[in-house]
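To keep things clear, I will list the structure first and then write my remarks on it.
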Amino acid sequence: MSAAILALALWLGLWALNVWLATGPLANRIWARMAVPLLFGLTILVLWEIAVRALQVPLVILPPPSQIGARFGASLPVLWADFVQTIGRGALSGYLIGCGAAFLTAIAVDRFVFLKRGLLPLASFMAALPIVGTAPILVMWFGFDWQSKAAVVVVMVFFPMLVNTVAGLSETTAMQRDLMKSWGAGYWQGLLKLRLPAAMPFVFNGLKICTTLALIGAIVAEFFGSPTLGLGFRITTSVGQLALDMVWAAILVAALAGTGFYGLVALIERGVTFWHPSQRG
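Residue numbering for the sequence shown follows UniProt numbering, starting at 1 and increasing by one per position.
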C-alpha cells in the first residue's frame, strides 16, 4: 500500500510539473520544451521500477529499469558490436541504397507517364508484403551476413520513399509550372528550380518514415539468420536463455539508434526546408 501511495504521489507531482512546463510562462523556452519529454519518460521509468518491485514481478517476465541499465552498462562492448552489425551495416546501407534508388525512380516516374501508370499501382502491393515472408527469401538469396539485411531494408523503404517523392513532385500548381515555361525553362530547369524544392517537405517526410522502417527491417531480418552478432540475433538468443534484461538492453540500443537517426534527418530537414510553414515557430 505504501508503494502504491508513493507511486501515485510521484506521478501526480511529475504530471503537475509537466503541465506547468508545457503550458506555463516558460513553455516557449527551448530548455522547457526539452524537459517535458524527458520528465515524461522519467516518470514512466520510475513508476515502472516501483511497480515491478512492489508487485514482485518475476525477472523473466519484466525486469526493472535499474537492472536493464546495469546490464546495458556491463554489456557495452557486445552491444556496440551488435549496433555496428545491425545499424551501421545492414540498416544504414539499405536505407541509403533504397531511398536513393527510390528518389531517382520517382524522377523517372514523373518524367515518363507510362511509368507512373505502370509502376505506382505496384507500390501498394509491394508495401503490403509481410516482412516475415520476404525476409527469409532474401536471407537465402544474399546469405546470412549484413548484405541480406540491407536487401530487406531496401525492399521496405523503397516504395514509401517513392510514393512520397512522387507526391511532392506534383505539389506545384499549374500556374507556377506555366510561369516557368513562359520564362523559357525546360523540364530539367523547372524540376531543379521549382518542383524539386517544393517537393522537399514530402521527400523528408519519406526519409523520416524510412528511418524506423530501416531499423525494423534490419532487426527482423536477423531473426531468420545472422552471424553471431547483431541486435536481432541478441534478442532471439537472450529470449531463449530467459535473459530478459539483455533483451531490453538490446531494445534500448535500437530505440536510441532510431531516435538519433530520426532526429538527424529532422535536423537536416530543418536546414533544407527552413522556408516551409511547418518549420516556423
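C-beta atoms are modelled at their ideal positions from N, C-alpha and C, and glycine is treated no differently.
query, result
"Contacts around Ser66, its chain only, beta-carbon distance under 7 Å, and the 5 residues preceding and following it disregarded", "Glu49"
"Val154 vs Thr134 beta-carbon contact at 8 Å", "no"
"Cβ pair count under 8 Å reaching 3, the segment 42 to 59 against the segment 220 to 232", "no"
"Closest Cα partner of Phe274 within the set Leu21, Met200, Gly118, Gly73", "Met200"
"Between the CA atoms of Leu45 and residue 364 - distance to the nearest angstrom", "The requested residue 364 does not occur in the structure, where the chain is confined to residues 1 to 281."
"Residues of its chain near Arg89, where Cβ-Cβ distance is below 8 Å and the 5 sequence neighbours each way are ignored", "Trp146, Lys149, Ala150"
"For Gly143, three-class secondary structure by DSSP", "coil"
"Neighbourhood of Ala35 by C-beta distance below 6 Å, restricted to the same chain and skipping five residues each side", "Leu21"
"Classification of Phe125 by the beta-carbon crowding that lies within 10 angstroms, buried from 16 upward", "exposed"
"Beta-carbon contacts of Met156 that lie in its chain and below 6 Å, excluding the five residues immediately before and after", "Leu213, Gly217"
"Closer than 7 Å: Leu45 CB and nearest the ligand NAD heavy atom", "Only the bare structure without any ligand can be found here, which leaves the ligand NAD out of the picture."
"Per-residue burial, residue 292 [other beta carbons within 10 Å of its own, 16 or more giving buried]", "Missing from the structure shown is residue 292; the chain here goes from 1 to 281 and no further."
"Sequence-distant residues of its chain with Cβ nearer than 8 Å to Val60 (five each side left out)", "Leu242, Leu244"
"Which listed residue (Leu162, Leu14, Phe40, Phe114) has its alpha carbon closest to that of Ala127", "Leu162"
"Closest by C-alpha distance to Gly240, when choosing among Phe223, Leu252, Ala255", "Phe223"
"Local conformation of Pro63 per DSSP, three classes", "coil"
"Contacting residues, own chain, Cβ-Cβ under 6 Å from Ile87 (five flanking each side not counted)", "Ala257"
"Residue range of the unbroken alpha helix (DSSP H) whose run includes Trp80", "76 to 83"
"Nearest to Trp80 (by Cα), restricted to the options Leu231, Pro160, Gly94, Leu192", "Leu231"
"Cβ-Cβ distance between Lys208 and Val166 below 8 Å", "no"
"Extent of the continuous alpha helix (DSSP H) run through Ile235", "231 to 240"
"Arg234 vs Ala250 beta-carbon contact at 8 Å", "yes"
"Neighbour-count burial assignment, Thr23, 16 or more Cβ in a 10 Å radius", "exposed"
"DSSP three-state assignment for Pro130, whether helix, strand or coil", "coil"
"Reduced DSSP category for Ala243 - H, G, I as helix; E, B as strand; rest coil", "coil"
"DSSP-derived helix/strand/coil call for Pro58", "coil"
"CB of Val113 within 8 Å of CB of Asn164, strictly", "no"
"Nearest neighbour of Leu169, chosen from Gln56, Pro77, Ile107, Leu96 [CA to CA]", "Ile107"
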